Amino acid sequence: MARPYDLIIFGASGFTGRLVCEQLLKHYPGNRIRWAMAGRSKDKLEKTKEKLRKYGFVAAETIPTLVADCSDKESLDEMTSTTNTIITTVGPYSLYGTPLIESCLRSETHYCDLTGEIPWVRKNVQSFHEEAERKSVKIVHCCGFDSVPFDLGVHMVFKDQEAAGRELAAVETLVGGVKGGVSGSTIASGFAVAELPAEELQAVSDPHCLDPAASTWKGPKMVDTFGMGFSRLAGKHTAPFIMATVNTRIVWRSHALLGHSYGERFAYKETMEASGRLSAFLSSLGLGFGAMFIAIRPIRNLVRRFLPKPGEGPSREAMLKGYWKLHVYAESVPKGGSGGGESVVHGLVAGQHDGGYYDTSRMLLECALAIATQGKELKEAGYREGGVLTPGSAVGVVGVERLRRAGFVFEMVPITE
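If you count the sequence shown from 1, you need to add 50 to reach this note's numbering.
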């Protein structure tokens, strides 16, 4: 029997959840997508609909609302059994995400989130991957700015080179510029990770921590990049990128779940472009001090008072004035070759709004809609039918095409001397 909904937005009354609803109303009007809003409070959901109407989305009045709570198994099952795919923006995910995943597995419903909490993702890989794979349920983590542009950017470059009979060796993503705000939910998630036991943090310090247990990879082992550096492929000075320890694990898991298809010599690192050595040094120093402060509990508790609370975020004006840009430089080699014939290719991935929230809401939506409405196409393209997945292994080029149509830049560009 067909389910009533293609998609449910769980956490619709929160900051990012409301943005996802706005994107749906704006870009998929009418009955093209059967969807509903869900959350813990009926009253808050109705207030969210009122806010959406004030923004000009009159159709918000007609959107169904469902009440469910992560502490109430029955309410979760009732919700997840009515939809093909569920989006959740309720974080920190390590606190609220696990019961929803368990419900999705019971209901055989696909799941997408925005987590950047790699220790929690690792637990889910260990606990749920085999069951999700067996039931053909897609549990897809990191479907926002962390890690869609990075993961799908590398995947785009791979598919471009694969079509030319080539594969990837060294790959470096440089963040060329980011302007945007931070929400309270993201801050809460970051603090939740910082407060984990030392052994859990140690377990995810290995860039291969999300690799399948039976991984047969015999190529280069990845290491994290700390401190200032110089990109050989881009010819530019670099500084550490704050989210690299999330994105690198996701890119590597995509490579593993797709049969290590990126290349026998594939290696990946992620940094931030710097204008020169001094800029790289100062950025590295600032990030180091920031990490040290977050690691010290008294300082962390003091700083927490002055930062946005969950449910809060940047202004609409600030989000619309934001932007972000990534450069994916890859060393391309003949497929299956033992060496020689190297060339460098360049992929550009970019967005015209705040990446952390406004563009993130569209990324999450398009990944979920690809899963909810293009299952046959994804299967025919060779993407994974079930498991604890990544954007690259779940939606791949189908997701890239959807994001291009949504106005994001995903393109190969010539290398300039």
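Cβ coordinates follow ideal geometry from the N, Cα and C atoms, glycine included. Treat the numbers as computed from the prediction; the structure is a model and nothing was measured.
Check	Outcome
Kindly identify the DSSP beta-bridge partner or partners of L69.	DSSP output for L69 lists no bridge partner at all.
Can you tell me which of the three DSSP states W85 falls into?	strand
Return helix, strand or coil for G147, following the three-state DSSP convention.	coil
Is the separation between the beta-carbon of A220 and that of E167 shorter than 8 Å?	no
Answer with buried or exposed for V108, where buried requires no fewer than 16 other C-beta atoms within 10 angstroms of its C-beta.	exposed
So, with DSSP's three-state summary, where would you put P384?	strand
Helix, strand or coil for P464? Go by DSSP, reduced to three states.	coil
I'd like to confirm the pairing. Which residues does DSSP put opposite P290 in its beta bridges?	T321
Please state if the CB of V448 and the CB of E427 are separated by a distance shorter than 8 Å.	yes
Give the C-beta separation of V70 and I83 to the nearest angstrom, bearing in mind that I take them to be a contact with Cβ-Cβ under 8 Å.	Actually they do not touch by this definition, with Cβ atoms about 12 Å apart.
Can you tell me which of N297, C154, N351, D196 puts its alpha carbon nearest to the alpha carbon of H179?	C154
By how many angstroms is the C-alpha of T288 removed from the C-alpha of R454?	28 Å
Excluding sequence positions up to five away, which residues of its chain have a Cβ less than 8 Å from the Cβ of L370?	H403, D404, Y408
Pick from I465, G277, R315, G401: whose alpha carbon is nearest that of P199?	G401
Are G363 and L218 touching if we call contact CB-CB under 8 Å?	no
At which residues does the beta strand (DSSP E) containing K229 begin and terminate?	216-229
Taking a contact to mean a Cβ-Cβ separation below 8 Å, would you say V175 touches V445 in this structure?	no
Figure out for me which residue from F65, T410, G397, A420 has the closest Cα to the Cα of V459.	G397
Can you tell me whether G313 sits near the ligand FMN, meaning its C-beta is under 7 Å from at least one heavy atom of the ligand?	Ligands are entirely absent from the displayed structure, and the ligand FMN is therefore not among its contents.
Between the region 289-296 and the region 315-331, do three or more beta carbon pairs fall short of 8 Å?	yes
Less than 7 Å between C-beta atoms, sequence neighbours within five positions excluded: which residues of the same chain meet that for D163?	T138, Y143, G147, H191, C193
By Cβ distance, which residues of its chain are closer than 6 Å to M293, with the 5 residues on each side in sequence left out?	D196
Would you report the Cα separation of L337 and A330, rounded to the nearest angstrom?	11 Å
Taking the alpha-carbon positions, what's the R53 to G432 distance?	26 Å
To which residues of the same chain is S333 closer than 7 Å at the C-beta, ignoring the five residues directly before and after it?	A289, M322, A324
From the DSSP output, which residues share a beta bridge with I58?	A86, I136
Give the straight-line distance between the Cα atoms of V378 and K94, rounded to the nearest whole angstrom.	41 Å
Using the rule of at least 16 other Cβ atoms within 10 Å of the residue's Cβ for burial, across every protein chain shown, is M413 buried or exposed?	buried
Quick check: what's the CA-CA separation for T223 versus E461?	14 Å
If you compare alpha carbons, which of V273, I349, I344 is closest to A317?	V273
Tell me the start and end of each unbroken alpha helix (DSSP H) in the region 152-210 that is at least 4 residues and wholly inside, in chain order.	168-185
Using the C-alpha atoms, what's the distance from G269 back to I136?	36 Å
For G89 and A110, which I take to be in contact (beta-carbon distance under 8 Å), what is that distance rounded to the nearest angstrom?	Not quite, the Cβ-Cβ distance comes to about 14 Å (not below 8 Å), so this is no contact.
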